[in-house]
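**Student:** Note that this note's numbering has the sequence shown beginning at 459, numbered continuously upward.
All C-beta atoms in this analysis are idealised placements derived from N, C-alpha and C, irrespective of residue type, glycine included.
Every value quoted in this text rests on a predicted model; they were computed, and no experiment measured them.
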Amino acid sequence: MSQGREPITFNGPLEAGIRAISILGAAYPKTYDLQRLVALDYLLVHTGDIDGPENLHPPTPTHSAELLVRRKLVEQSLLLMMTRDLVEREVTPDGIKYGAGENAATFLSSVSSSYLVALKDRAAWLVEAFGGLSDQQFKGVMRRFFDKWVEEFQQVEKSLGGEA
């Protein structure tokens, strides 16, 4: 590894793209906009926080910050996956939506590592639990989590000697 570069475990466009394919494959033929995919990407690796299967990734002390930095990463990942026909983009009257591409099913059926199998299982659970919610319902669910994360952030700030 070259000096000055830190590893980006699970958080590069390729990894986020695989998560997007897992979500979109589980949701097929449903499509989602970028904002919904950003939230689903976060929830996919933190399913234990929402009464689902155990988290795939370790917890972070400031959930809201993690969610905020995902937008650009998910957008880059979708563009990368589109170059391999794993994700399709469509313009609808409701805006730009993303869905599983022509090669998504083949790709998903070929993965066999324990992490990727667990990722696919969690994606199926996540889509079953939250994929069919209207935008308004989904925003309500995310608002509840965001309120909880704000409380967690305030507790961390207090423990560091800040005012909350």
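(1) With DSSP as the reference, please indicate the residues paired to Lys555 in a beta bridge.
(2) Using the DSSP secondary-structure output, state which residues sit across from Tyr486 in a beta bridge.
(3) Name the residue from Lys530, Ile508 and Gly475 whose alpha carbon lies nearest to the alpha carbon of Lys606.
(4) Where Pro511 and Glu586 are concerned, what is the direct C-alpha to C-alpha distance, given to the nearest angstrom?
(5) Can you have a look at Thr541 and say buried or exposed, based on whether 16 or more other CB atoms are within 10 angstroms of its CB?
(6) Quick check on the DSSP output: the alpha helix (DSSP H) that includes Arg528 runs from which residue to which?
(7) DSSP state of Leu492, grouped into three classes?
(8) Which same chain residues, not among the five before or five after Asp491, have their C-beta less than 6 Å away from its C-beta?
(9) Could you tell me how far apart the beta carbons of Ala474 and Ala581 are, in whole angstroms, since I believe they sit closer than 8 Å?
(10) Leaving aside the five residues before and after Thr505 along the sequence, list all residues of the same chain whose C-beta is less than 7 Å from its C-beta, in chain order.
**Tutor:** In brief:
(1) According to DSSP, Lys555 bridges with Glu548.
(2) Answer is none; Tyr486 lacks a bridge partner.
(3) Closest by alpha carbon: Ile508.
(4) Each residue's CA atom was taken as its position, placing Pro511 and Glu586 some 13 Å apart.
(5) Classification for Thr541: exposed.
(6) Annotation: the continuous alpha helix (DSSP H) that includes Arg528 extends over Arg528 to Met540.
(7) In this structure, DSSP gives Leu492 a helical state, which the three-state scheme calls helix.
(8) Listed in chain order, the non-local C-beta contacts of Asp491 below 6 Å within the same chain comprise Gly553 and Lys555, local neighbours out to five positions each way being set aside.
(9) That belief does not hold up - the Cβ atoms of Ala474 and Ala581 are roughly 13 Å apart, past 8 Å.
(10) The answer, listed in chain order, is Pro511, Asn513, Arg580, Trp583 and Leu584.
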